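>
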Amino acid sequence: MATYPPADDRLKHLLAQEINLSVDTWKLALWIADGIVKSPEIRAELERIATAHHKGQHCGDRHCQACFDAQLAAARPVEETR
0 MATYPPADDR LKHLLAQEIN LSVDTWKLAL WIADGIVKSP EIRAELERIA TAHHKGQHCG
60 DRHCQACFDA QLAAARPVEE TR
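Numbering follows numbering that gives the first Met the number 0, with no gaps: position 59 of the sequence shown is 58.
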């Protein structure tokens, strides 16, 4: 069974779904998402974050829930010993 959207288009579709909440048409959302996905700077940042996570390191992005949760969990034992 094929999955939709295809793996090579999932990022674009996920972005378009979020963008579509703020724009008038799905076509516009897809157009904006396509520009985001094709941006070399955005692709490089996604790669940097993925590489850091793959190595088990914090990515340093303040919106990364996984890194925030890990930092919060690491801080808890220190606070509990006080």
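Each residue gets a CB set at the ideal place from its N, CA and C atoms; glycine is no exception.
Since the structure is predicted, the reported quantities are computational estimates derived from the model, not experimental observations.
Would the beta-carbon of L14 fall within 8 angstroms of that of I35?
Reading the sequence shown from its first residue, position 15 is the one you call residue 14. Reading the sequence shown from its first residue, position 36 is the one you call residue 35. Yes, these two residues count as a Cβ contact at 8 angstroms.
> Between A28 and L10, what straight-line distance do the alpha-carbon atoms span, to the nearest angstrom?
To locate residue 28, count along the sequence shown from 1; it is residue 29. To locate residue 10, count along the sequence shown from 1; it is residue 11. Cα to Cα, the separation comes out at about 13 angstroms.
> Can you give me the start and stop residues for the alpha helix (DSSP H) that H57 sits inside?
The sequence position of residue 57 within the sequence shown is 58, counting from 1. Careful: H57 lies outside any alpha helix (DSSP H) and carries neither H nor E.
> If we require 3 or more residues per run, which beta strand (DSSP E) segments fall completely within the segment 14-71?
Counting only runs of 3 or more, we get nothing.
> Would you mind giving the Cβ-Cβ distance between H57 and A69, rounded to the nearest angstrom? I have them listed as a contact below 8 angstroms.
Taking the first residue of the sequence shown as 1, we reach residue 57 at position 58. Taking the first residue of the sequence shown as 1, we reach residue 69 at position 70. Their Cβ separation, rounded to whole angstroms, is 7 angstroms, which keeps H57 and A69 in contact under 8 angstroms.
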